[in-house]
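Here is the structure we will look at.
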């Protein structure tokens, strides 16, 4: 537990520092996280270290994040991310045609699941109030996860998807919804994000749901690979994907909510 808390404090401190530095620092951090995530996915699919599949699982998300950085810096438009996505689909389809269906699924996870989600982070940082919006994404996701865990441990009785994630319960999901809604309302009030209180509550509920779905998706990958954690890079917390699974879909949601609120 001590290692877990220490790692969390270091990670949060580093994240705050990067957010304050600026968009380029955020993009660099996302690329590093994408490399770690792609490496973990490659290990799950048991790709050899010299296998082209492993390098593809690293290159596709990095190209998407680079596109996100260019968009954030107003160098180009969203079309560049579409090009990066479509370019990655060519070898992905090639993997499928060779009969490696499992590898294809993991390739899709590395591209759209990891790459597009993390690519939204530098873009979100570049908008007005970007630091506050990113804080909303992180805090609400963390609060929903924590509330779900607490509710599941204390009153959890009815299993959600025992074949995928044996510890998750419907009671935990309910706790996560309450935690997410409460956190979103508090953060909105603190940072004055210019969204109505009712909208903040709805946003918190949606983020709790999508965070749970992201968690279940990663759990399905781990279950298929026969591993408990995606990796061991984060002491006391498992792998990088174990920390990002709930956050990644919420980064996309928060970005588009920020765009909607600015109109």
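Numbering (my numbering), first residue to last: 26 to 288.
Every residue, glycine too, gets a C-beta built ideally from N, C-alpha and C.
Just curious, the alpha helix (DSSP H) that residue i is in, first and last residue?
i, result
"residue 283", "272-287"
"residue 78", "77-97"
"residue 126", "126-133"
"residue 71", "From DSSP, residue 71 is part of no alpha helix (DSSP H); its letter is neither H nor E."
"residue 200", "195-216"
"residue 243", "222-250"
"residue 147", "142-151"
"residue 170", "155-180"
"residue 116", "104-122"
What are the partner residues of residue i, as DSSP defines its beta bridges?
i, result
"residue 190", "186"
My understanding is that residue i touches residue j, with C-beta atoms under 8 Å, so please give their C-beta distance in whole angstroms.
i, j, result
"residue 276", "residue 142", "5 Å"
"residue 63", "residue 139", "7 Å"
"residue 279", "residue 158", "6 Å"
"residue 65", "residue 230", "The Cβ separation is near 30 Å, so there is no contact."
CA-CA distance, residue i and residue j?
i, j, result
"residue 103", "residue 96", "6 Å"
"residue 252", "residue 131", "15 Å"
"residue 100", "residue 283", "21 Å"
"residue 133", "residue 146", "19 Å"
"residue 76", "residue 127", "15 Å"
"residue 170", "residue 137", "23 Å"
"residue 116", "residue 86", "13 Å"
"residue 153", "residue 48", "12 Å"
"residue 185", "residue 177", "10 Å"
"residue 55", "residue 107", "18 Å"
"residue 148", "residue 94", "7 Å"
"residue 189", "residue 249", "9 Å"
"residue 42", "residue 35", "11 Å"
"residue 191", "residue 236", "17 Å"
"residue 161", "residue 218", "9 Å"
"residue 205", "residue 98", "31 Å"
"residue 228", "residue 193", "22 Å"
"residue 26", "residue 118", "For residue 26, the predicted structure reports a pLDDT of 49, less than 50, and the residue's modelled location is therefore unreliable. A value from the coordinates is still provided. Near 43 Å, if we compare the C-alpha coordinates of residue 118 and residue 26."
"residue 272", "residue 40", "14 Å"
"residue 181", "residue 203", "15 Å"
"residue 10", "residue 179", "Coverage of the chain is limited to positions 26 through 288, which leaves residue 10 absent and any answer about it impossible."
"residue 168", "residue 122", "42 Å"
"residue 195", "residue 183", "6 Å"
"residue 244", "residue 70", "14 Å"
"residue 124", "residue 207", "47 Å"
"residue 288", "residue 224", "15 Å"
"residue 247", "residue 241", "10 Å"
"residue 172", "residue 165", "10 Å"
"residue 37", "residue 187", "31 Å"
"residue 274", "residue 175", "22 Å"
"residue 268", "residue 163", "11 Å"
"residue 129", "residue 135", "10 Å"
"residue 114", "residue 120", "10 Å"
For residue i versus residue j, is the C-beta spacing smaller than 8 Å?
i, j, result
"residue 110", "residue 89", "yes"
"residue 61", "residue 82", "no"
"residue 199", "residue 226", "no"
"residue 151", "residue 220", "no"
"residue 263", "residue 270", "no"
"residue 197", "residue 233", "no"
"residue 211", "residue 45", "no"
"residue 84", "residue 144", "no"
Going by the C-beta, is residue i closer than 7 Å to any heavy atom of the ligand FAD?
i, result
"residue 127", "This structure lacks the ligand FAD; in fact it carries no ligand of any kind."
Measure from the C-beta of residue i to each C-beta in chain B and report whether the shortest distance is under 8 Å.
i, result
"residue 246", "Chain labels in this structure do not include chain B; a single protein chain is all it has."
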